[in-house]
Amino acid sequence: MKKKKALVKIGFVETVQLLKILLFPIVEAIKKNELFERTWSHEKKMWK
1 MKKKKALVKI
11 GFVETVQLLK
21 ILLFPIVEAI
31 KKNELFERTW
41 SHEKKMWK
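For the sequence shown, the residue numbers in the UniProt record's numbering are 1 to 48.
(1) K44 and I21 look like a contact to me (Cβ under 8 Å); what is the Cβ gap, rounded to whole Å?
(2) Alpha carbon to alpha carbon, how far is K48 from T39? Give it in angstroms, no decimals.
(3) Can you round the beta-carbon distance between P25 and F12 to whole angstroms, since I take them to be within the 8 Å contact cut?
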């Protein structure tokens, strides 16, 4: 039996919000020339 992968439907607004949360801290660290040493929590959808 073949297993099908579930497709997660997420709206555009939710995608943009997640990208902001995901990318802004990285961009700020680059701007400040600092190391970025955090891990992404998939469950909480935030940096820890």
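Even glycine gets a Cβ: it sits at the ideal position worked out from N, Cα and C.
So, from the listed chains and residues:
(1) Taking the sequence shown and counting its residues from 1, the one referred to as residue 44 is at position 44. Taking the sequence shown and counting its residues from 1, the one referred to as residue 21 is at position 21. Wrong, their Cβ atoms sit about 10 Å apart, outside the cutoff.
(2) For the purposes of this step, residue 39 is taken as residue 39 along the sequence shown, with counting starting at 1. For the purposes of this step, residue 48 is taken as residue 48 along the sequence shown, with counting starting at 1. Cα-Cα distance, rounded: 6 Å.
(3) Working through the sequence shown from its first residue, we reach residue 25 at position 25. Working through the sequence shown from its first residue, we reach residue 12 at position 12. About 22 Å separates the two Cβ atoms, so there is no contact after all.
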